[in-house]
Amino acid sequence: MSKHSALNTFGRSGNPAFSRNFNLAGAGAIAREDRMTLDGAVNKTVILLSLCFAGAFIGWNTPALTMPALIVGAILSFVTIFRSPTKAGSTAPFYAAFQGVALGGITVFAEAQYPGIGIQAIGLTFGILASLLFCYKTGIIKPTENFRLMIFSATMGIGLLYLVSFVMSFFGSGIGFIHSNGLFGIGFSLFVVGIAALNLVLDFDFIEEGADQGLPKHMEWYGAFSLMVTLVWLYIEILRLLMKLRSR
Amino acid sequence: MNILIFGLLTIISLFIFLKLGKIKASTKQLNRENRIKWTQNQNQTLNENADNSKTVEVKPSQISDQSDK
Numbered sequence: 547m548s549k550h551s552a553l554n555t556f557g558r559s560g561n562p563a564f565s566r567n568f569n570l571a572g573a574g575a576i577a578r579e580d581r582m583t584l585d586g587a588v589n590k591t592v593i594l595l596s597l598c599f600a601g602a603f604i605g606w607n608t609p610a611l612t613m614p615a616l617i618v619g620a621i622l623s624f625v626t627i628f629r630s631p632t633k634a635g636s637t638a639p640f641y642a643a644f645q646g647v648a649l650g651g652i653t654v655f656a657e658a659q660y661p662g663i664g665i666q667a668i669g670l671t672f673g674i675l676a677s678l679l680f681c682y683k684t685g686i687i688k689p690t691e692n693f694r695l696m697i698f699s700a701t702m703g704i705g706l707l708y709l710v711s712f713v714m715s716f717f718g719s720g721i722g723f724i725h726s727n728g729l730f731g732i733g734f735s736l737f738v739v740g741i742a743a744l745n746l747v748l749d750f751d752f753i754e755e756g757a758d759q760g761l762p763k764h765m766e767w768y769g770a771f772s773l774m775v776t777l778v779w780l781y782i783e784i785l786r787l788l789m790k791l792r793s794r
Numbered sequence: 004m005n006i007l008i009f010g011l012l013t014i015i016s017l018f019i020f021l022k023l024g025k026i027k028a029s030t031k032q033l034n035r036e037n038r039i040k041w042t043q044n045q046n047q048t049l050n051e052n053a054d055n056s057k058t059v060e061v062k063p064s065q066i067s068d069q070s071d072k
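These protein sequence lines are chains F and V, in that order.
So in our numbering, the last one in the first sequence is 794, and the numbering has no gaps at all.
So in our numbering, the last one in the second sequence is 72, and the numbering has no gaps at all.
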C-alpha cells in the first residue's frame, strides 16, 4: 500500500474524475488500433469543447435554461465518474453540451454586471491550458505521487468548503470570505484558481500515460471528459475572481 | 481592444493545445522514477489484498493421548 493512508482510502487523483484507478490487466491483448492515443484524446477534447461552445450559444440566448442545464450537467458528470468509464463516450458529449448551456447563462449574468468579462475569462482559461501543457510537455512541471496527494487534498478541501457554504445558505447563513471582494476573498479565489489549474497537469499526465501504456480506446473519452471537468471549473473560478476584482 | 487581445489569446492557446497536445512529452518528463503510476495502482492493491488473505500453513503437531498420565 502507499505510505499515504489518505491516498489508499480516497484514491490518488485531485480530479474527481480520476478518483478511481484503471486496471491495465489484459492491455497487451488490445489491438493497436483499439488503444488510446494522444491524437484521439486531443480530438475528443476538441469535440467536447465544440459542443460546449454550441451549448454556450444556446445558454447565452436563453439564460432561463442555466439552472436546469447545471443540474443535468452535474448528474451526467456523476454518472460518468461513478459508472464505468467505458460509457464516457455516450455521456461526456451530453455533459459538455449541458455545461455549455449553463456556462452561457452564467456568462450573460456576469456580462450584464461587468461588460467584457466573459472574453477575459475565456482567454485566461485557455491561456492557462496552453501554458501548463507547455510546462508539462517540456518537463518544467513534474507531477509526482506527493504532488497528486497535495492537489487531491486541496480539491477535496475546497469541495467540502463549498458544500458547507451551500448547506449554510439554506439557513440564511454562509461562509462570508468565499464570496467577499476583500483581500482575503480574492486570495481565496486565487488559491482555488491555482488548484484548478494544477488539476490540468494531472489530466495531462493521465492522458500521456494512458496513451503510453495502451489503455483501451474508450479511455480517450474519459481523458477528454476529465479535461472538460477541470476546464469548466477553472473557467467558473476565473470568472468569480475577475468579478471580485472588478467589483472593488 | 479587450475582445481583440483576449480573443487572440484564446485562438493562439487553442492552436497550441491542438499542436502540442498530440506531441509526446519530453524524455525528461517520461523517464522518471517518481512518475505517477495511474495504471498500476489497482493491480498493486489487488495483489496486496491477496497477500493479506494468505493462509498460514502450520505443521500439524503430534496429538498424544494424555489420558493415561
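C-beta atoms are modelled at their ideal positions from N, C-alpha and C, and glycine is treated no differently.
Treat the numbers as computed from the prediction; the structure is a model and nothing was measured.
Quick check on F/Arg799: does DSSP put it in helix, strand or coil?
There is no way to answer for residue 799 of chain F, as the model of chain F reaches only from 547 to 794.
From the DSSP secondary-structure annotation, give me the bridge partner or partners of F/Pro609.
Note: F/Pro609 sits in no beta bridge, so no partner.
Using the Cα positions of F/Ile724 and F/Arg578, report the straight-line distance between them to the nearest angstrom.
48 angstroms
Using DSSP bridges, identify the partner residues of F/Pro762.
F/Arg581
Relative to the C-alpha of F/Phe698, which candidate in F/Trp606, F/Tyr768, F/Ala667 and F/Gly740 has its C-alpha closest?
F/Gly740
Out of curiosity, what's the CA-to-CA distance linking F/Leu606 and F/Val654?
Inspection of the sequence shows that residue 606 of chain F is occupied by Trp rather than by Leu. In a straight line, the C-alpha of F/Trp606 is about 6 angstroms away from that of F/Val654.
In chain order, what residues of the same chain lie with their CB nearer than 6 angstroms to the CB of F/His764, ignoring the 5 residues before and after it?
Thr632 and Gly635
Using 8 angstroms as the threshold, is the C-beta distance between F/Leu678 and F/Ala743 below it?
yes
Residues of its chain near F/Phe680, where Cβ-Cβ distance is below 7 angstroms and the 5 sequence neighbours each way are ignored:
none
Length of the line joining the Cα atoms of F/Leu706 and F/Ala602
28 angstroms
Less than 6 angstroms between C-beta atoms, sequence neighbours within five positions excluded: which residues of the same chain meet that for F/Asp751?
Pro689
Please list, in chain order, the chain V residues whose beta carbon lies closer than 9 angstroms to that of F/Val810.
Since the first residue shown for chain F is 547 and the last is 794, residue 810 of chain F is missing from the structure and cannot be characterised.
Do the CB positions of F/Thr684 and V/Ser16 come within less than 8 angstroms of each other?
no
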